[in-house]
Structures are given as C-alpha cells and as structure tokens.
Amino acid sequence: MSFFPPEPAYAHGAPTRTAVLLCNLGTPDAPTPAALRRYLGQFLADHRVVEIPQPLWWLILHGVILRTRPAKSAAKYRSIWTPEGSPLAVWTEKQAKLLLGWLGEAGAPVLVRHAMRYGNPSIASQLDTLKLEGATRILILPLYPQYSATTTASVFDAVYTWAARTRAIPELRFVNHYHDHPGYIDALAKKVLAHWQQHGQGEQLVMSFHGVPERTLHLGDPYHCEARKTARLLGERLGLNDTQMRVTFQSRFGKAKWLQPYTEPTLIELARAGVRRVDVICPGFTSDCLETLEEINQEAREAFLRAGGEQFHYIECLNDSPAWITALSDIAQQHLAGWPLQSANPGLREASRERAQTCGARN
Ligand SMILES: C=CC1=C(C)c2cc3[nH]c(cc4nc(cc5[nH]c(cc1n2)c(C)c5CCC(=O)O)C(CCC(=O)O)=C4C)c(C)c3C=C
Ligand SMILES: [Fe+2]
Ligand SMILES: [Fe+2]
Numbered sequence: 022m023s024f025f026p027p028e029p030a031y032a033h034g035a036p037t038r039t040a041v042l043l044c045n046l047g048t049p050d051a052p053t054p055a056a057l058r059r060y061l062g063q064f065l066a067d068h069r070v071v072e073i074p075q076p077l078w079w080l081i082l083h084g085v086i087l088r089t090r091p092a093k094s095a096a097k098y099r100s101i102w103t104p105e106g107s108p109l110a111v112w113t114e115k116q117a118k119l120l121l122g123w124l125g126e127a128g129a130p131v132l133v134r135h136a137m138r139y140g141n142p143s144i145a146s147q148l149d150t151l152k153l154e155g156a157t158r159i160l161i162l163p164l165y166p167q168y169s170a171t172t173t174a175s176v177f178d179a180v181y182t183w184a185a186r187t188r189a190i191p192e193l194r195f196v197n198h199y200h201d202h203p204g205y206i207d208a209l210a211k212k213v214l215a216h217w218q219q220h221g222q223g224e225q226l227v228m229s230f231h232g233v234p235e236r237t238l239h240l241g242d243p244y245h246c247e248a249r250k251t252a253r254l255l256g257e258r259l260g261l262n263d264t265q266m267r268v269t270f271q272s273r274f275g276k277a278k279w280l281q282p283y284t285e286p287t288l289i290e291l292a293r294a295g296v297r298r299v300d301v302i303c304p305g306f307t308s309d310c311l312e313t314l315e316e317i318n319q320e321a322r323e324a325f326l327r328a329g330g331e332q333f334h335y336i337e338c339l340n341d342s343p344a345w346i347t348a349l350s351d352i353a354q355q356h357l358a359g360w361p362l363q364s365a366n367p368g369l370r371e372a373s374r375e376r377a378q379t380c381g382a383r384n
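Per our numbering, the sequence shown starts with residue 22, numbered consecutively.
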C-alpha cells in the first residue's frame with residue numbers, strides 16, 4: 022500500500038504548462054440552512070479564521086453557532102442570490118474566464134482556473150484538475166489584495182495540504198498581496214470616478230474593509246496596515262483630503278474587539294453629524310458578495326438613512342471591470358516572470374529518453 026494515492030505521471034517529453042489558480046473565499050452551494058451549515062462548518066473550523074483553542078471552540082461551534090446561524094445566514098443569502106447562483110461564485114468564475122482571455126491575448130498561453138477555500142470548487146480538486154491538464158508550474162493568486170493570515174495564509178495552507186499528499190508536485194509560486202499595486206488602485210479609482218460622473222460626488226467617501234480581530238494586528242498580521250495603505254493610495258489618486266474620506270472595518274464576528282472604527286456606527290455618527298450623502302466602497306473585496314450586497318448595501322444603508330442621512334450610494338466591487346482584469350493580468354505576469362509559459366522543454370525530453378528504457382515511455 023502506497024502512502025500517496027496514485028496519480029497520472031507527467032508524460033515524458035510533453036510540453037510544460039503554466040497555470041494560474043485564482044483563489045477566493047467560497048460561498049454556500051445554495052441559500053439554504055443545510056448548505057450554510059456545511060459551508061460555515063468548514064469555514065469556522067479553520068484555525069486561521071477562529072483562533073480559540075480546541076475543544077472549547079468545537080463545543081461552541083457545534084453546540085451553538087451551527088444550530089442558530091445557518092438559518093439566519095440563509096435568509097440573508099436569499100436576499101442577494103441570483104439566477105446564476107451566489108454573486109461571489111458568479112464573479113469569481115467570470116474573472117477567471119476573462120483573465121484567461123487577457124493572458125492569452127498577451128501571447129501567453131497559460132491555463133487559468135478558479136478555486137474556493139471553503140466550498141466548491143475546492144483548491145485540492147482544481148489543483149488535481151490542473152495536473153491532469155498538464156500544468157507543471159502553478160501560480161497561486163488569492164483574490165485578496167491585502168494579506169491576512171485569516172484569508173491569504175489559509176489559502177496557502179490548503180495548497181500545502183494538497184502538496185503533502187501529492188507525489189509529483191508542480192512548481193508552485195504564491196502571490197502574498199497587491200494592496201498597493203498601481204493597477205489595482207487604478208481599477209478602484211476608475212470605479213469611483215465612473216460613479217461620480219454619473220451621480221455626482223458625495224460629501225464623504227467611506228472605504229469599508231472586512232474586519233479581523235484586533236489582537237491579530239498586535240500579533241503581527243499586516244492586514245490593518247495594508248488596508249490603510251490601500252485607502253491612502255486611493256484617496257490620493259482621487260485627490261481627497263482627510264476630511265473627505267473615512268476608513269472603516271465591517272463584518273465583526275463574535276464578542277471580541279475587532280479593528281476599528283466599525284463601519285455601521287461610523288455611518289450613523291456621520292448621519293447624526295449632518296452628513297446627508299455618503300458614497301461607500303469596499304476596496305478589500307474584489308467581488309460583490311454577501312458582505313457588500315447585504316451587509317453594506319442593505320443593512321448599513323438602512324442604518325444611515327434611519328439616523329437622518331438622505332442619500333447612500335454604494336459603489337460596486339471590481340467584479341469584471343476591464344481595469345481590474347488588466348490589473349490581475351499584470352499581477353499574474355509579474356509573478357510568472359522567468360517561468361516559460363509553455364515550452365517543449367528539450368531538457369526534459371532528453372532525460373526522459375534515458376528513463377524510457379526503464380519505464381517504457383515512448384518519446
Ligand atoms: C469568524 C471570523 C471571520 C474572519 C476573521 C473573517 C475574515 C475575512 N473574511 C473575508 C471575506 C469574506 N467573508 C465573508 C463572509 C463571512 N465571513 C465570516 C467570518 C470571518 N471572516 C463569516 C461567518 C462569513 C459568512 C457569512 C455569514 O454567515 O455571516 C465573505 C462573503 C462570502 C459570500 O458567500 O458572499 C467574504 C468575501 C476577508 C477578506 C477577511 C479578512 C481580511
Ligand atoms: Fe469574512
Ligand atoms: Fe496599521
């Protein structure tokens with residue numbers, strides 16, 4: 022019995038192929054309590070996401086959270102679900118298709134696929150598929166511009182876990198972050214400018230990032246600083262001064278202190294201080310999803326208007342914007358530099374000719 026499951030051998034002398042795997046968070050398969058239980062069960066059991074020690078966390082997760090949250094979350098997902106599925110899944114798949122076109126256009130015939138850290142298609146299944154398609158070099162590109170151990174590192178964990186059960190591991194490269202990449206900042210700025218062109222400019226631009234527990238900042242997670250830098254660069258690019266913009270953190274989970282200021286209380290405070298119109302963008306999310314469409318565009322909007330605000334303008338995520346796909350392609354190409362994108366690799370053919378005598382492969 023082998024320790025590693027059998028896998029198809031790379032064909033000796035076959036062309037080497039390079040691939041890009043876009044990795045996003047994941048989303049439930051359906052807006053139902055059962056699908057939410059599966060999704061949240063996998064997501065919240067990840068020690069990168071919740072650092073409460075076992076077995077205490079297991080008891081809370083299975084005893085309390087997975088009994089109550091799935092039904093509540095399913096109702097929220099139903100309010101944003103589309104005929105094609107969950108927005109996060111729809112946009113991520115589209116980004117992979119468009120990126121393939123972009124990289125192909127630039128004369129680089131690479132494979133492009135997308136995977137989800139939680140749910141489907143899983144990172145392991147897409148890496149297996151890429152291997153079957155002949156990928157010998159794979160660039161792991163998380164769809165998180167800001168590095169966080171809760172997201173980026175967790176994607177890397179999933180890749181390492183797959184590699185640990187794989188015999189012939191492709192060459193791997195990892196993109197840690199691109200929070201200050203000029204193409205990413207430009208794509209965000211274009212979204213804001215297009216909105217302003219159509220609707221005029223609000224009194225305040227609120228840039229709302231997903232939060233993380235505050236203690237992760239003190240433990241060395243660079244997420245907070247990277248989010249602040251993205252916001253500063255976007256503000257500079259738009260010519261905003263400090264009084265015209267706010268950086269806030271949303272999606273708090275649990276009772277611990279998370280990064281502050283929190284988004285919704287800030288919006289309420291602004292409305293009470295007499296700000297009539299806010300424009301809100303979520304620069305850390307590359308696709309619209311539950312956290313932007315429901316939490317911001319529904320819940321936060323309602324809170325702002327209830328507190329006396331008059332106009333709440335939500336600026337959608339990068340999604341399939343051409344400037345964003347161009348940025349993704351630039352980021353991918355910078356990290357692919359030095360890797361032959363597709364080659365017959367004569368060196369491999371020579372080596373395999375020798376090996377053919379013992380393994381029977383025909384060259
Ligand atoms: C429990 C702690 C959580 C941490 C830490 C966290 C970090 C984090 N998350 C994103 C991006 C997304 N999160 C989304 C949903 C979501 N996030 C949490 C919890 C934590 N996230 C939960 C429980 C959920 C599920 C929704 C719910 O039941 O309320 C999403 C949306 C997914 C979708 O299907 O649309 C995204 C995207 C980042 C970037 C981040 C750290 C920087
Ligand atoms: Fe989250
Ligand atoms: Fe910081």
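In this text, a Cβ means the ideal position worked out from N, Cα and C, and glycines have one as well. What you are looking at is a predicted structure, and each value in this text was computed from that prediction instead of being measured.
Legend entry - Beta-carbon proximity list for W360, same chain, < 7 angstroms, skipping 5 on both sides: Same-chain partners within the cutoff: T39, R158.
Legend entry - Meets three-Cβ-pair contact criterion under 8 angstroms: the segment 198-213 and the segment 320-335: Judged by Cβ distances under 8 angstroms, the segment 198-213 makes no contact with the segment 320-335, as fewer than three pairs qualify.
Legend entry - Of the residues A136, S308, L259, the one placed nearest Q222, counting alpha carbons only: Here the closest residue by C-alpha is L259.
Inset, instruction - Check whether the Cβ atoms of D207 and A353 sit closer than 7 angstroms, and answer yes or no. - result: Contact: no.
Inset, instruction - Taking only heavy atoms of ligand 1 into account, decide whether any of them is closer than 6 angstroms to the Cβ of T171. - result: Between ligand 1 and the CB of T171, the shortest heavy atom gap is smaller than 6 angstroms.
Inset, instruction - Output the boundary residues of the beta strand (DSSP E) element that contains P234. - result: Taken as a continuous stretch (DSSP letters only), P234 belongs to no beta strand (DSSP E), as it is neither H nor E.
Inset, instruction - Rounded to whole angstroms, what's the CA-CA distance from L160 to R297? Just pull it up for me. - result: Taking the straight line from one Cα to the other gives about 45 angstroms.
Inset, instruction - Taking only the alpha-carbon atoms, compute the straight-line gap between Y139 and V70 and give it to the nearest angstrom. - result: Looking at the backbone, the Cα of Y139 and that of V70 are separated by about 12 angstroms.
Inset, instruction - Give a single yes or no on whether F274 has its beta carbon closer than 6 angstroms to a heavy atom of ligand 1. - result: At least one heavy atom of ligand 1 sits closer than 6 angstroms to the Cβ of F274.
Inset, instruction - Could you say which of A189, V227, I317, M266 lies nearest to P26 if we only look at CA atoms? - result: Of the candidates A189, V227, I317, M266, the residue whose Cα lies closest to the Cα of P26 is A189.
Inset, instruction - Give, in chain order, every unbroken run of the alpha helix (DSSP H) that is at least 4 residues long and sits entirely within the segment 43-124. - result: 54-65, 77-81, 87-99, all fully within the segment 43-124.
Inset, instruction - Give every residue of the same chain whose Cβ lies closer than 7 angstroms to the Cβ of C246, excluding the five residues on either side of it in the sequence, and list them in chain order. - result: Contacts found: none.
Legend entry - Check whether L311 and L255 have beta carbons under 7 angstroms apart: Their beta carbons are not under 7 angstroms apart, which means L311 does not touch L255 by this criterion.
Inset, instruction - Within 10 angstroms of the Cβ of E316, are there 16 or more other Cβ atoms? Answer buried if so, exposed if not. - result: With 16 or more Cβ atoms within 10 Å of its Cβ, E316 is classed as buried.
Inset, instruction - Take V111 and list the residues in its own chain whose beta-carbon comes closer than 7 angstroms to its own, dropping the five residues that flank it on each side. - result: If the five residues before and after V111 are omitted, its C-beta is found closer than 7 angstroms to the C-beta atoms of T103, E105, all from its own chain and listed in chain order.
Inset, instruction - Please find out if some non-hydrogen atom of ligand 1 comes closer than 6 angstroms to the beta-carbon of L339. - result: L339 Cβ: outside cutoff for every heavy atom of ligand 1.
Inset, instruction - Label S169 either buried or exposed according to how many other C-beta atoms from any shown protein chain fall within 10 Å of its C-beta, with 16 as the threshold for buried. - result: Looking at its Cβ environment, which holds 16 or more other Cβ atoms inside 10 Å, S169 is buried.
Legend entry - V85 burial status per 10 Å Cβ neighbour count (16 or more: buried): When all chains shown are included, V85 counts as exposed.
Legend entry - For R253, three-class secondary structure by DSSP: In this structure, R253 counts as helix in the three-state DSSP scheme.
Inset, instruction - Enumerate in chain order the residues of its own chain whose CB-to-CB distance from P191 is below 7 angstroms, with the five nearest sequence positions on each side excluded. - result: Around P191: K152, A156, T157, R158, I159.
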